[in-house]
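Engineer:
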Amino acid sequence: MSRPTVSAEDMRDSGVRGWRLLRARARLADTMVAAGATAIAATSIIPLFADLSWVAPVLVVIVVIAAAGALGRAVALPMPLIPIVEALALLFVITAMFAWSTAWAGFVPTTDAWDAILALVRQGMQDAEAYGSPAPALTGMVLLTVGGVGAVALSVDTLFVCVRSPILAGLPLAALFLAPAMINASGPPWWALPVAGIGWLLVLAADQRERVQSWGSLASEDRVRGLSASARRVGAVTLLIAGVLAVVVPAGAWAPWRTVTGDGPGVAVGTADEAIVLDPLATMRRDLIQSNNSEVLTYRTSAKQPDYLRVSALETFDGTTWLPRAALSEGRYLGTPIPSNVLSDRIAADPSNRVTGGESVSYDISVTNLQNAFLPLPYPISDVEDIKGLGADWSLDPTTGIAFSNEVPASGLEYRVAALDPRIGPNELRQAPAASGGLWPQLALPSGLPPVIAQTAREVTAQANTPYDRAIALQRWFTHDGGFTYSTGVRSGADSDYLAEFLRDKVGYCEQFAGAMAVMARSLGIPSRVVVGFTQGSLVGDGEWRVTVRDAHAWPELWFDGIGWVRFEPTPRSQGTLQTPDYAPTADVPVNDGPRVPRGLDPQAVPLAGDSAAPTWRSVALALLGIVVVLAALALLTWFAAPAVVRRVRRYRRLHASTYPDIVEGAWAEIADTAVDHGQHWDGTSTPRQAAGRLGRAMPEAPRAALERVRRELERVRYGRPETVGTAPRLGAQPVAEHAEAVRDDVRQVAREFGRRVRWQTRVIAYCWPPSERRRQQASLRRPTRAPAENTSPRVEPLPGSNLQI
Amino acid sequence: MTQQGGTPGSEGPDTGLGEFGPEAARTIAAEIAGSMGTVISGKPQAIRLALVALLAEGHLLIEDVPGVGKTMLAKSLARSIDCSMHRIQFTPDLLPSDVTGVSVFDRQTSSFEFRPGAVFAHIVLGDEINRASPKTQSALLEAMEEQQVTVDGQTYQLPQPFMVIATQNPVEMEGTYPLPEAQRDRFLMQIQLGYPDRVAEIAMLDSHDIADPIAALRPVTDAATLQRLRDVARGVFASPAVKQYVVDLVAATRRDPLLRLGASPRAGVHLLQAARAHALLAGRDHALPDDVQALAVPVLAHRVLLSPEAHLSRTPAATVITEVVARVSVP
Numbered sequence: 008m009s010r011p012t013v014s015a016e017d018m019r020d021s022g023v024r025g026w027r028l029l030r031a032r033a034r035l036a037d038t039m040v041a042a043g044a045t046a047i048a049a050t051s052i053i054p055l056f057a058d059l060s061w062v063a064p065v066l067v068v069i070v071v072i073a074a075a076g077a078l079g080r081a082v083a084l085p086m087p088l089i090p091i092v093e094a095l096a097l098l099f100v101i102t103a104m105f106a107w108s109t110a111w112a113g114f115v116p117t118t119d120a121w122d123a124i125l126a127l128v129r130q131g132m133q134d135a136e137a138y139g140s141p142a143p144a145l146t147g148m149v150l151l152t153v154g155g156v157g158a159v160a161l162s163v164d165t166l167f168v169c170v171r172s173p174i175l176a177g178l179p180l181a182a183l184f185l186a187p188a189m190i191n192a193s194g195p196p197w198w199a200l201p202v203a204g205i206g207w208l209l210v211l212a213a214d215q216r217e218r219v220q221s222w223g224s225l226a227s228e229d230r231v232r233g234l235s236a237s238a239r240r241v242g243a244v245t246l247l248i249a250g251v252l253a254v255v256v257p258a259g260a261w262a263p264w265r266t267v268t269g270d271g272p273g274v275a276v277g278t279a280d281e282a283i284v285l286d287p288l289a290t291m292r293r294d295l296i297q298s299n300n301s302e303v304l305t306y307r308t309s310a311k312q313p314d315y316l317r318v319s320a321l322e323t324f325d326g327t328t329w330l331p332r333a334a335l336s337e338g339r340y341l342g343t344p345i346p347s348n349v350l351s352d353r354i355a356a357d358p359s360n361r362v363t364g365g366e367s368v369s370y371d372i373s374v375t376n377l378q379n380a381f382l383p384l385p386y387p388i389s390d391v392e393d394i395k396g397l398g399a400d401w402s403l404d405p406t407t408g409i410a411f412s413n414e415v416p417a418s419g420l421e422y423r424v425a426a427l428d429p430r431i432g433p434n435e436l437r438q439a440p441a442a443s444g445g446l447w448p449q450l451a452l453p454s455g456l457p458p459v460i461a462q463t464a465r466e467v468t469a470q471a472n473t474p475y476d477r478a479i480a481l482q483r484w485f486t487h488d489g490g491f492t493y494s495t496g497v498r499s500g501a502d503s504d505y506l507a508e509f510l511r512d513k514v515g516y517c518e519q520f521a522g523a524m525a526v527m528a529r530s531l532g533i534p535s536r537v538v539v540g541f542t543q544g545s546l547v548g549d550g551e552w553r554v555t556v557r558d559a560h561a562w563p564e565l566w567f568d569g570i571g572w573v574r575f576e577p578t579p580r581s582q583g584t585l586q587t588p589d590y591a592p593t594a595d596v597p598v599n600d601g602p603r604v605p606r607g608l609d610p611q612a613v614p615l616a617g618d619s620a621a622p623t624w625r626s627v628a629l630a631l632l633g634i635v636v637v638l639a640a641l642a643l644l645t646w647f648a649a650p651a652v653v654r655r656v657r658r659y660r661r662l663h664a665s666t667y668p669d670i671v672e673g674a675w676a677e678i679a680d681t682a683v684d685h686g687q688h689w690d691g692t693s694t695p696r697q698a699a700g701r702l703g704r705a706m707p708e709a710p711r712a713a714l715e716r717v718r719r720e721l722e723r724v725r726y727g728r729p730e731t732v733g734t735a736p737r738l739g740a741q742p743v744a745e746h747a748e749a750v751r752d753d754v755r756q757v758a759r760e761f762g763r764r765v766r767w768q769t770r771v772i773a774y775c776w777p778p779s780e781r782r783r784q785q786a787s788l789r790r791p792t793r794a795p796a797e798n799t800s801p802r803v804e805p806l807p808g809s810n811l812q813i
Numbered sequence: 038m039t040q041q042g043g044t045p046g047s048e049g050p051d052t053g054l055g056e057f058g059p060e061a062a063r064t065i066a067a068e069i070a071g072s073m074g075t076v077i078s079g080k081p082q083a084i085r086l087a088l089v090a091l092l093a094e095g096h097l098l099i100e101d102v103p104g105v106g107k108t109m110l111a112k113s114l115a116r117s118i119d120c121s122m123h124r125i126q127f128t129p130d131l132l133p134s135d136v137t138g139v140s141v142f143d144r145q146t147s148s149f150e151f152r153p154g155a156v157f158a159h160i161v162l163g164d165e166i167n168r169a170s171p172k173t174q175s176a177l178l179e180a181m182e183e184q185q186v187t188v189d190g191q192t193y194q195l196p197q198p199f200m201v202i203a204t205q206n207p208v209e210m211e212g213t214y215p216l217p218e219a220q221r222d223r224f225l226m227q228i229q230l231g232y233p234d235r236v237a238e239i240a241m242l243d244s245h246d247i248a249d250p251i252a253a254l255r256p257v258t259d260a261a262t263l264q265r266l267r268d269v270a271r272g273v274f275a276s277p278a279v280k281q282y283v284v285d286l287v288a289a290t291r292r293d294p295l296l297r298l299g300a301s302p303r304a305g306v307h308l309l310q311a312a313r314a315h316a317l318l319a320g321r322d323h324a325l326p327d328d329v330q331a332l333a334v335p336v337l338a339h340r341v342l343l344s345p346e347a348h349l350s351r352t353p354a355a356t357v358i359t360e361v362v363a364r365v366s367v368p
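Chains A and B, in that order, give the protein sequences. Following the numbering used here from start to finish, the first sequence increments by one per residue and tops out at 813. Following the numbering used here from start to finish, the second sequence increments by one per residue and tops out at 368.
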């Protein structure tokens, strides 16, 4: 932003024009800085997408908004219109990018185009719900991203270039930085904060440079350069420190929204790589924490509504935690190796296969990343075939339908399984008798179980007559009637005491819901077990499903004689992919999405299940939208209200100054500003007498007399003998207070007269957006040229009214 | 007291103008103006400016074509204030001693006796001053500045109040020696009379029909009163804001590209003096920017030198000064 040298002759004629040119150049530079800062902050989106195809549309939007702003300023649009123009540009460019085929002229949204965009938004929300990061750059999500970045670019441009508030401009930039950080469970990459900071520093630097230059002759070019250099040094050091801190300081200390990691109670032995598993719950928890909310597996199935995928069934509750009942020997599962050709026989021996009927549906499962030594499988399986790399290392526990290995993790495996789509209805279940015969290990309860659990179970199921009705009553109580609140903001675990506590506090997540229902079912004589696995995930294509760690879940299975193990869903549904089985309706209202405690509030929070509260794209997008809307509203409100408020404050201070001469001077300045506000001409080169004469000419007698009184007092105060000023001769010996009140009265009278003579539009503008204040603001923003040396340089004419006394 | 030349009459706590309040001064001035107005028809502004020059202890330069009443103005002024008046017709052969006076040898007393020149009067009308040689011109101008005359090493005080009203023909006319700018600077103000309007001209013909209108004039005040009025005018309060305005105006003329030479510091002093007198004539004890504005053209225009551009565009100095006034902010 170098200032062109203007020759002496030029300046006389083109002083104002040249000044405008300088301002226009500065504005253009500021616009570019705002756009650059937004683009830089937008780099924090990179980790959210798997590829970079979203970058081009985002850059286009930033450039278009900057261009719209620059154009609006070039044609000298009123400031408040510029954000509107930019918003229109945003709408057009989004239409052109995402709905051009149905748009008029390719970019003007028609009804069809509007529908298409809304559909894309909905799709984007759905996708956002289904995907963790990094997500594929699907059109809907790119649209959301483009819209969000566009809103930020608009806000930054408005706040920095129009409102000239670089500090406020940092807020949308911070929102742009925070949103991806919130979505990304592992927090932002280490470089995100310094990079976002660079954008804001650019904004601040541009603003400061302008300010320093406006010092005029005080700040020589050299000194400005020196100041800039030191400012750059300070900024660089700050960024460096921010970067180092981001790496060095433990995550939780500076990123409260991030999950605080740590191994909970009942930690697995060994690490994921060893794949020796004692406690699938703990292992899964560790997986969740370590695998960065990524994809676990994908599968293709012929089932219209696939069921949950089971990883492990825990049948033993020892009062501390749930454990597999499968025979354990030296910390290893004992099972039968799965030779592919005999698998069917083995499975046929599974008592769970007594589930009646049902057609066989196939699942082609491809495990992307699962460090467990368990195979995610649907239930009940009827066959396992096409097992690539699934050999002798893998065993099947026929009683639980769990496949496991003692050697290798499931990652990278691809296999096809056939499962039965159970066709069981409430009637069949209702007719199922109570569990009979033998000693059911799945009925065992630890000795020290708090009695409140069994008692609550009896109370809840008091109206139910059959085991099935009792189960349904329990499920309904958890999900609907009992007033439970879903939250991961509690500690993990499902030991006896904690379950009692859970029933009392009614806050927990799937681990507690599943454990509590299983224990309560056992107390009612229904055999039960807790199953850990995944929900069916999200549909990503035709028959293609994708399961992420966020779909991890735990649920109870209850035994019904003659039918088998039946899944129930006691966890209140939140935004996850939970699905209540058809045979176990929860309530008329299927969804109970209670208020959730923000995860960040409790460092104990552990994201465990598909019903996990890890912020998704959708919630963050909504939050971001909310932030931007609120900011924009605030900015607009400030922009509109500030001149009016400043004007009121100024008026009060003028008319209530401490000394009488100041009050009179203030009264005159107030009359001047009121005249300007109401479109009257006010000229700084007129004497008070001339100004009063001109303004009073069109006035009726009373206000003109008031104006003349103020004028006379002003002349007396400003030009009269100092020793006569204090005596206030106008009203004789009255005290100054009354005298001042008389002056204020006169001012009010004159102001009323000004208002009376103009149209109501002018009155509204004078009240809400006083031109005098705008002019003052513009005059203060104006870069003064250096004071010309006497007699060698011509003067630049002062702006009219710029010498108004305040 | 910030104003210059505090006088014994300016000690009153309320107005500072002593026995003459501003109203009294205004009354006297109005009487003088009324008296002059019976002779000079339709020129109230010129009369007012002449009075300002009189009260501000300045000298008046009237530039106009012959026959518009320059001499009448001077005569009626002198007559109205009951002061002596001499008229000097400047011609190319006029000698400095004709203006100042000369020492002649008196045989009876065997000594040199000073015979005062035409300058020894309260009001001196220098008619067509630009027709005299520069040497003669400067003899008058020295008397104007010093209020005294020095002949043969002897200094003679001029009577008080002393005021020179010089007339000059427009410099384009033949046989004229234009006043150098240094000498023009000594005149407080330069005014034009211009032709009277139709009604005034008819009225003038009527009054000249009857008799010599000057002879009919009766004095409305005297030299002593006038001298006190001058003291009062000097005591009119000029606030710092007004002084700042004067300085701003004068400084602005120095920066104006249409002017080769701006107004001198003496111009500023004169402008403030004139503004004080102007305020007194309006019955005020303090000067206003309005006073300054009203006098800016008569006080400043004849002192500045136009640039070649202004000459080319035939912009008169009065227009340039008016533009300067329109540009400078009023403090």
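Beta carbons: idealized from backbone N, C-alpha and C, even for Gly.
1. Just checking my contact of A213 (chain A) with V40 (chain A) at CB under 8 Å: how many whole Å lie between their CB atoms?
2. Excluding five sequence neighbours on each side, which residues of the same chain lie with their C-beta closer than 6 Å to the C-beta of V256 (chain A)?
3. At a Cβ cut of 8 Å, what residues of the region 667–698 of chain A count as close to chain B, listed as they run along the chain?
4. Just list the beta strand (DSSP E) runs in the region 79–147 of chain A, keeping only unbroken ones of 3 residues or longer that don't cross its boundaries, in chain order.
5. Alpha carbon to alpha carbon, how far is G532 (chain A) from W447 (chain A)?
6. Where does D428 (chain A) sit, in a helix, a strand or coil, going by DSSP?
7. Among the residues of its own chain, which have a CB less than 6 Å from the CB of E360 (chain B), if the five just before and after it don't count?
8. Since M122 (chain B) sits in a beta bridge, which residues does DSSP pair it with?
9. So who's on the other strand from L298 (chain B), going by DSSP bridges?
10. Would you please state the rounded distance, in angstroms, between the beta carbons of Y315 (chain A) and G113 (chain A)? I believe it to be under 8 Å.
11. Measure the Cβ-Cβ separation of F575 (chain A) and Q482 (chain A) and say whether it is below 8 Å.
12. I need the boundaries of the alpha helix (DSSP H) containing E435 (chain A), first residue and last residue.
13. Buried or exposed: A354 (chain B), going by 16 or more other Cβ atoms within 10 Å of its Cβ?
14. Can you pull out the residues from the region 719–731 of chain A whose beta carbon lies closer than 9 Å to at least one beta carbon of chain B?
15. What three-state label does DSSP hand F26 (chain B) in the structure shown?
16. Under 8 Å, with one C-beta from each stretch per pair, do the region 690–704 of chain A and the region 769–784 of chain A reach the 3-pair mark?
17. Going by DSSP, what residue range makes up the beta strand (DSSP E) through W572 (chain A)?
18. Would G408 (chain A) and L384 (chain A) qualify as a contact pair, given that the criterion is a beta-carbon distance under 8 Å?
19. Go ahead and pull the three-state DSSP assignment for P272 (chain A).
20. What in chain A is Cβ-close to H323 (chain B), meaning under 7 Å?
21. Would you list the residues sitting across from V163 (chain A) in a DSSP beta bridge?
22. For G703 (chain A), collect the residues of the same chain with a Cβ closer than 6 Å to its Cβ; drop the 5 residues on either side in sequence, then sort them by chain order.
23. Chain A partners of V279 (chain B), CB-CB under 8 Å?
24. Using DSSP bridges, identify the partner residues of M226 (chain B).
25. Using the three-state DSSP reduction, which class does D371 (chain A) fall into: helix, strand or coil?
26. Helix, strand or coil: which one does DSSP assign to T108 (chain B)?
27. Which residues, in order along the region 256–276 of chain B, keep a beta-carbon less than 9 Å from a beta-carbon of chain A?
28. What would DSSP say about H560 (chain A), mapped onto helix, strand or coil?
Structural biologist: In short:
1. Position 206 of the first sequence, counted from the first residue, corresponds to residue 213 (chain A). Position 33 of the first sequence, counted from the first residue, corresponds to residue 40 (chain A). Correct: roughly 4 Å between the Cβ atoms.
2. Here residue 256 (chain A) refers to the residue found at position 249 when the first sequence is read from its first residue. Any reading at V256 (chain A) is ruled out, since the residue's pLDDT is 47, under 50, leaving its predicted position unreliable.
3. Result list: G691, T692, S693, T694, P695, R696, Q697.
4. Counting only runs of 3+ residues, no beta strand (DSSP E) is found wholly inside the region 79–147 of chain A.
5. The sequence position of residue 532 (chain A) within the first sequence is 525, counting from 1. The sequence position of residue 447 (chain A) within the first sequence is 440, counting from 1. Computed Cα separation, rounded: 10 Å.
6. Residue numbering aside, residue 428 (chain A) sits at position 421 when the first sequence is read from its first letter. Secondary structure of D428 (chain A) (DSSP, three-state): strand.
7. Counting from 1 along the second sequence, the entry for residue 360 (chain B) is found at position 323. Within the same chain, E360 (chain B) has no close Cβ partners at all.
8. Counting from one through the second sequence, the residue named residue 122 (chain B) turns up at place 85. M122 (chain B) pairs with B:I160.
9. One-based indexing of the second sequence puts residue 298 (chain B) at position 261. For L298 (chain B), which the question treats as bridged, DSSP gives the partners B:L342.
10. One-based indexing of the first sequence puts residue 315 (chain A) at position 308. One-based indexing of the first sequence puts residue 113 (chain A) at position 106. Not confirmed; about 46 Å, so no contact.
11. The residue you call residue 575 (chain A) lines up with position 568 of the first sequence. The residue you call residue 482 (chain A) lines up with position 475 of the first sequence. Yes, Cβ-Cβ distance for F575 (chain A) and Q482 (chain A) is below 8 Å.
12. Position 428 of the first sequence holds residue 435 (chain A). E435 (chain A): member of the alpha helix (DSSP H) spanning 433–438, first to last residue.
13. Taking the second sequence and counting its residues from 1, one reaches residue 354 (chain B) at position 317. With 16 or more Cβ atoms within 10 Å of its Cβ, A354 (chain B) is classed as buried.
14. Listed by position along the chain: E722, R723, R725, Y726, G727, R728, P729, E730, T731.
15. Examination of residue 26 (chain B) is not possible in this model, given that chain B is present from 38 through 368 alone.
16. No, the region 690–704 of chain A does not touch the region 769–784 of chain A.
17. Taking the first residue of the first sequence as position 1, residue 572 (chain A) is located at position 565. 571–574 is the extent of the beta strand (DSSP E) around W572 (chain A).
18. As a working note, residue 408 (chain A) is residue 401 in the first sequence. As a working note, residue 384 (chain A) is residue 377 in the first sequence. Cβ distance < 8 Å, so G408 (chain A) and L384 (chain A) count as in contact.
19. Indexing the first sequence from 1 puts residue 272 (chain A) at position 265. For P272 (chain A), the predicted model reports a pLDDT of 30, less than 50, meaning its position is unreliable; a value from the coordinates is still stated below. Collapsing the DSSP output to three states places P272 (chain A) in coil.
20. Position 286 of the second sequence, counted from the start, is the residue given in the question as residue 323 (chain B). In chain order: Y726, G727, R728.
21. The residue given as residue 163 (chain A) occupies position 156 in the first sequence. Beta-bridge pairing by DSSP links V163 (chain A) to no other residue.
22. Position 696 of the first sequence, counted from the first residue, corresponds to residue 703 (chain A). Once the five neighbours on either side are set aside, the close Cβ partners of G703 (chain A) are R711, L714.
23. Translated into the one-based positions of the second sequence, residue 279 (chain B) becomes position 242. In chain order: Y726.
24. Along the second sequence, read from residue 1 onward, the residue named residue 226 (chain B) stands at position 189. Beta-bridge annotation (DSSP): M226 (chain B) is paired with B:L97.
25. For this step, residue 371 (chain A) is matched to residue 364 along the first sequence. Strand, per DSSP.
26. Numbered from 1 along the second sequence, position 71 holds the residue referred to as residue 108 (chain B). Here T108 (chain B) sits in helix by DSSP.
27. Correct list: F274, A275, S276.
28. By one-based count along the first sequence, residue 560 (chain A) stands at place 553. H560 (chain A) sits in a strand when the DSSP states are folded into three classes.
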